[in-house]
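Comments concern the structure below.
Residue numbers (my numbering): 359 to 814.
This is the structure:
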């Protein structure tokens, strides 16, 4: 994408500019650090200049007073050797320096040191002028010479420059990374939100604004599609309601008609039961759609969950629960007064879906248990049965398959798929978590976790 290429190119050029600036800065630092060494090597007291001045102010017979003072002032010494290797005169000569030399001695020290003193020579037709510098002042390599203190500084200088450059590059990298993260994290987060089918409104300025605009356009399209889908499901649910009510009404009239035969009454009763299942399925589908697209406003209030469970159990038993099923409610003492902020109708709906799943999955009957307890500072609501359960493979399919693949069977019996999806969405809308456990012939168990607040 051109926008990303432009964005990356800009940062690459900035990095190249930074490296160039560091090179210039390093050169300036080198010049500043070694200014004294450079001035010493090429200034008036440098060996080359000193040789010229002293040679001009001296001869084989002696040296001028001014040149002698210059040597002494700069802590230098000098001597003049004639062609036989003997000294004609000396200035400030150290005691350990000989005054007689052979041609071999002169050949050796003329290019290096004399008694560890770095010496520099100037020859003329009458002999050899020798100027000696203090020990450890210069390091002579063949015909070159370097101040000892300068040579000692070189490793420290390059180490310091290396550390400085690495620090600057690290700071630049950190700043660039932070800037890129600041600009791209909202985009990445928005893409993740879009992948969940939710709409977003992204505001990003700069080079990435075009990408933000594209994401916003995609979000608007998804939002319109979600709204249209939810409205379509809601409309179909509404349109089904009237003819379904008529079917249920006529079926009830046939069931209660004294003139109808028993076979017709039984068929009408089947129609009535299946109509009720269709009605429940449509209601569940409509609610799933609204929760999925966040179109279902939650009417939250502080609720004592133990009271809600007991009320639900009483209503279920009073509605004519078959004797094949036993309903138990177990509330631990520490969870008796725990409160949660919730939509009581939706939570009741979630519990009812789980209970109905247990009833429909166990036509021969089972024991259904509703329990409430505090675990790990969370409120745990459990709906459990001791029925036939499902295998581990089926449980994995149930968790991963879309609800429409496991929602109903040929008789329109509600399976765990759609019911579990609805329960999950209700719980997630209340910022809770859900965990399903089941084994074949060992029953079905759903754990729901909420953040709890003790009753004041």
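Glycine is no exception: its CB is placed at the ideal position from the N, C-alpha and C atoms.
{"query": "CB-CB under 7 Å to residue 509, same chain, minus the five flanking residues each way: which ones, in chain order?", "result": "497"}
{"query": "In whole angstroms, give me the CA-to-CA distance for residue 436 and residue 490.", "result": "6 Å"}
{"query": "Helix, strand or coil for residue 499? Go by DSSP, reduced to three states.", "result": "strand"}
{"query": "Grouping DSSP H, G and I as helix and E and B as strand, with all else coil, what is residue 505?", "result": "strand"}
{"query": "Can you round the beta-carbon distance between residue 439 and residue 485 to whole angstroms, since I take them to be within the 8 Å contact cut?", "result": "5 Å"}
{"query": "Once the 5 residues before and after residue 412 are set aside, which same chain residues still bring their CB inside 8 Å of it?", "result": "421, 425, 428, 429, 436, 480, 487 and 489"}
{"query": "Looking at the structure shown, is residue 387 part of a helix, part of a strand, or coil, going by DSSP?", "result": "helix"}
{"query": "Whether or not the region 673–680 and the region 737–757 are in contact is what I'm after, with contact meaning three or more pairs of Cβ atoms, one per stretch, closer than 8 Å; do they touch?", "result": "no"}
{"query": "Quick check on DSSP: helix, strand or coil for residue 703?", "result": "helix"}
{"query": "With DSSP as the reference, label residue 793 as helix, strand or coil.", "result": "strand"}
{"query": "How would you write the range of the beta strand (DSSP E) that residue 406 sits in, first residue to last?", "result": "No beta strand (DSSP E) holds residue 406; the alpha helix (DSSP H) holding it covers 405–414."}
{"query": "Helix, strand or coil, according to DSSP, for residue 375 in the structure here?", "result": "helix"}
{"query": "Going by CA-CA distance only, name the one from 706, 700, 723 and 687 that's closest to residue 730.", "result": "687"}
{"query": "What does DSSP give as the partner residue(s) for residue 743 in the beta ladder?", "result": "726 and 802"}
{"query": "What span of residues does the alpha helix (DSSP H) with residue 431 cover, start to end?", "result": "423–431"}
{"query": "May I have the straight-line CA-CA distance separating residue 380 from residue 572, to the nearest angstrom?", "result": "39 Å"}
{"query": "Could you say which of 702, 793 and 529 lies nearest to residue 668 if we only look at CA atoms?", "result": "702"}
{"query": "When DSSP labels each residue in this structure, what does residue 751 get in the three-state scheme?", "result": "helix"}
{"query": "Which residues does DSSP pair with residue 476 in a beta bridge?", "result": "471"}
{"query": "Look up residue 443 in the DSSP assignment and give the residues it is bridged to.", "result": "Beta-bridge pairing links residue 443 to no other residue."}
{"query": "Under three-state DSSP, which class holds residue 493?", "result": "coil"}
{"query": "Going by C-alpha distance, which of 792, 754, 735 and 633 is nearest residue 709?", "result": "792"}
{"query": "Report all residues from its chain with a CB closer than 6 Å to the CB of residue 798; omit the five preceding and five following residues, and keep chain order.", "result": "747 and 749"}
{"query": "Closer than 8 Å by C-beta to residue 692: which residues in its own chain qualify, once you throw out the five before and the five after it? Chain order, please.", "result": "731 and 732"}
{"query": "Per DSSP, residue 732 forms a beta bridge with which residues?", "result": "737"}
{"query": "Run through DSSP, which three-state label would residue 485 get?", "result": "strand"}
{"query": "Taking 9 Å as the threshold (C-beta atoms), are residue 807 and residue 728 in contact?", "result": "no"}
{"query": "Could you check the C-alpha separation between residue 631 and residue 735 for me, to the nearest Å?", "result": "43 Å"}
{"query": "Spatial neighbours of residue 659 within its chain, please: CB distance less than 6 Å, with the 5 preceding and 5 following residues excluded, ordered by chain position.", "result": "none"}
{"query": "Can you tell which of 441, 447 and 717 has the C-alpha that lies nearest to the C-alpha of residue 816?", "result": "Since the first residue of the chain shown is 359 and the last is 814, residue 816 is not available in this structure."}
{"query": "If you follow the alpha helix (DSSP H) that residue 670 is part of, which residue opens it and which one closes it?", "result": "663–676"}
{"query": "From residue 454 to residue 418, what does the alpha carbon distance come to, in whole angstroms?", "result": "22 Å"}
{"query": "With a 10 Å radius around its C-beta and 16 neighbouring C-beta atoms as the bar for buried, classify residue 579 as buried or exposed.", "result": "exposed"}
{"query": "Between residue 719 and residue 777, what straight-line distance do the alpha-carbon atoms span, to the nearest angstrom?", "result": "12 Å"}
{"query": "Please report the residue range of the beta strand (DSSP E) in which residue 684 lies.", "result": "683–689"}
{"query": "Do you know how far the Cα of residue 707 is from the Cα of residue 723?", "result": "22 Å"}
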